[in-house]
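Undergrad:
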Amino acid sequence: MVNEPNPLISVCIINYNQGRFFADALNSYLSQNYNPLELIVIDDCSTDNSVEIINNLLKEKNVKANFIVNPVNCGICKNMNLAISLSKGKYFSVVASDDYFGPTRYEKLINASKQVDESYKLFYSNCNMVDVAGKLITTNFFNYCRPDLSIKEGDIFHELLKGNFIPSIALLIRKDVFNDVGLFDESLHLEDFDMWLRIANRYKIGYVEDDEVFYRQVNNSWLRILQKRGSNYYKDHFNVLYKHFSFLNHKEKKDVFLMLYNLFKAHIKRNRKIDWGLSKKIIIVFLKTIIY
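Mapped onto the working numbering, the consecutive letters of the sequence shown carry residue numbers 8 to 299.
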């Protein structure tokens, strides 16, 4: 039996004002013992010297890459969609320019994909969290965002409904899934959570043990942005669940209605005023729950 060649993985590094960390992300990519890989680098109209740093590093290390510099700041969601449209691989992975990982990352993820059938479309791992200086905050991302997590792989749609626990830094996606579920929703602030729900609602998710993935918390990292949004986080979470509500069965609707109601109350309490848009949605959800 002839062994099939390894599938191409498209790796996208997205940067905004984090040029000082770019070398870590690039070196992580270059250290991989897996081939073939293609590299896409997108700078989202940085206001520091990121573009100069990236250009110099790519040239210095003789790296073949598709380097895109946005003329205006587009945000993470549009950049991920751009990267998907530019990618040529069977698999897709996105990396923030301030994150880094060990040399076996993609080998482990691909090996996991070879052990299962095509019903698995996304593979991910846990990750370490570090501060700006690289000092360890925690070795368990799950405990940070979902300490109640009970199911990590397989059919995890219902588990995901309770809250996101899949770190973008630590995943690999079969790119053909985007033909089915669509691209990232640019109208949402929690676009990654929405995407994982869309995938998990139709397909299975694979989990891989890997203790060499590092998510760095800096001022404009994903978690910091959520923290800065503060009172709007509950609304963001509400809107993602609301989007998926119509696709749930009756029992699921009852469970998710309680989640939505609690998010609605938390948003009102935090803002100390009525949000009429959310009020209308919670009434619609209530009616859809009691009318079966």
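Glycine residues also receive a C-beta, built at the ideal position from the N, C-alpha and C atoms.
For clarity, every value in this text was computed on a predicted model and none was experimentally measured.
Looking at the structure shown, is residue 157 part of a helix, part of a strand, or coil, going by DSSP?
TA: Within the sequence shown, numbered from 1, the residue matching residue 157 stands at position 150. Residue 157 falls in the coil class under three-state DSSP.
Undergrad: Quick one: give me the first and last residue of the beta strand (DSSP E) that residue 137 is part of.
TA: In the sequence shown, the residue the question calls residue 137 occupies position 130. Where residue 137 is concerned, the enclosing beta strand (DSSP E) stretches over 135-137.
Undergrad: Kindly indicate which three-state DSSP category residue 166 falls into: helix, strand or coil?
TA: In the sequence shown, the residue the question calls residue 166 occupies position 159. Note: residue 166 maps to helix in three-state DSSP.
Undergrad: Measure how close the beta-carbons of residue 221 and residue 152 come, nearest whole angstrom, since I'm counting them as under 8 Å.
TA: Here the question's residue 221 lines up with position 214 in the sequence shown. Here the question's residue 152 lines up with position 145 in the sequence shown. Between residue 152 and residue 221 the Cβ distance is about 16 Å, and since that is not below 8 Å, they are no contact.
Undergrad: Using beta carbons (cut-off 7 Å, strictly below), is residue 252 in contact with chain D?
TA: Of the protein chains in this structure there is only one, and it is not chain D.
Undergrad: Return yes when the Cβ of residue 167 is within less than 7 Å of the Cβ of residue 207, no when it is not.
TA: Taking the sequence shown and counting its residues from 1, one reaches residue 207 at position 200. Taking the sequence shown and counting its residues from 1, one reaches residue 167 at position 160. Yes, the Cβ-Cβ distance between residue 207 and residue 167 is below 7 Å.
Undergrad: What are the boundary residues of the alpha helix (DSSP H) that includes residue 37?
TA: In the sequence shown, the residue the question calls residue 37 occupies position 30. Counting along the chain, the alpha helix (DSSP H) containing residue 37 begins and ends at 29-37.
Undergrad: Comparing C-alpha positions only, which one of 25, 59 and 95 sits nearest to residue 180?
TA: Within the sequence shown, the letter at position 173 stands for residue 180. Checked all of 25, 59 and 95; the closest Cα to residue 180 is 95.
Undergrad: Which of the three DSSP states, helix, strand or coil, is assigned to residue 100?
TA: Mapped onto the sequence shown, residue 100 falls at position 93. Here residue 100 sits in strand by DSSP.
Undergrad: In its own chain, which residues sit with a C-beta less than 6 Å from the C-beta of residue 146, not counting the 5 before and 5 after it?
TA: Position 139 of the sequence shown, counted from the first residue, corresponds to residue 146. Result list for residue 146: 135, in chain order.
Undergrad: Within its chain, find whatever has a CB closer than 8 Å to the CB of residue 237; leave out the 5 residues flanking it on each side and keep chain order.
TA: In the sequence shown, the residue the question calls residue 237 occupies position 230. Caution applies to residue 237, whose pLDDT of 49 falls short of 50 and renders its modelled position unreliable; the model cannot decide the point.
Undergrad: Take residue 137 as the anchor and find which of 223, 115 and 122 has the nearest alpha-carbon.
TA: Residue numbering aside, residue 137 sits at position 130 when the sequence shown is read from its first letter. Cα-wise, what sits closest to residue 137 is 223.
Undergrad: Would you call the segment 23-33 and the segment 47-60 touching, i.e. three or more CB-CB distances under 8 Å?
TA: Verdict: yes, contact present.
Undergrad: Going by DSSP, what residue range makes up the alpha helix (DSSP H) through residue 5?
TA: Since the first residue of the chain shown is 8 and the last is 299, residue 5 is not available in this structure.
Undergrad: Any contact of the segment 152-166 with the segment 182-197, i.e. 3+ C-beta pairs under 8 Å?
TA: Verdict: no, contact absent.
Undergrad: Who pairs with residue 181 in a beta bridge, going by DSSP?
TA: Along the sequence shown, read from residue 1 onward, the residue named residue 181 stands at position 174. Its beta-bridge partners are 98.
Undergrad: Would you mind stating whether residue 6 and residue 105 have Cβ atoms separated by less than 7 Å?
TA: Limits of the chain in this structure are 8 at one end and 299 at the other, which puts residue 6 out of reach.
Undergrad: Tell me the residue span of the alpha helix (DSSP H) that contains residue 199.
TA: Here residue 199 refers to the residue found at position 192 of the sequence shown. That run of the alpha helix (DSSP H) goes 198-209.
Undergrad: Could you give the distance in angstroms between the alpha-carbon of residue 246 and the alpha-carbon of residue 195?
TA: Position 239 of the sequence shown, counting from 1, holds the residue named residue 246. Position 188 of the sequence shown, counting from 1, holds the residue named residue 195. Computed Cα separation, rounded: 8 Å.
Undergrad: Secondary structure at residue 194, three-state DSSP: helix, strand or coil?
TA: To locate residue 194, count along the sequence shown from 1; it is residue 187. Here residue 194 sits in coil by DSSP.
Undergrad: At the level of alpha carbons, what is the spacing between residue 217 and residue 290?
TA: As a first step, residue 217 must be located in the sequence shown, where it is residue number 210. As a first step, residue 290 must be located in the sequence shown, where it is residue number 283. Spanning the two alpha carbons is a distance of roughly 43 Å.
Undergrad: On the three-pair Cβ rule with 8 Å, is the segment 68-84 touching the segment 107-115?
TA: The segment 68-84, when compared against the segment 107-115, does not touch it at the 8 Å Cβ threshold.
Undergrad: Put residue 189 into one of helix, strand or coil per three-state DSSP.
TA: To locate residue 189, count along the sequence shown from 1; it is residue 182. Looking at residue 189 - three-state DSSP - the assignment turns out to be coil, as it is neither helix nor strand.
Undergrad: Runs of 3 residues minimum, wholly inside the segment 107-154: which ones carry the beta strand (DSSP E) assignment?
TA: Counting whole runs of 3 or more residues, the segment 107-154 contains the beta strand (DSSP E) stretches 127-131, 135-137 and 143-145.
Undergrad: Residue range of the beta strand (DSSP E) that residue 46 falls in?
TA: For this step, residue 46 is matched to residue 39 along the sequence shown. Looking at the DSSP string, the run of the beta strand (DSSP E) that includes residue 46 is 44-50.
Undergrad: Quick one: what does DSSP say residue 19 is sitting in, helix, strand or coil?
TA: Translated into the one-based positions of the sequence shown, residue 19 becomes position 12. Correct three-state label for residue 19: strand.
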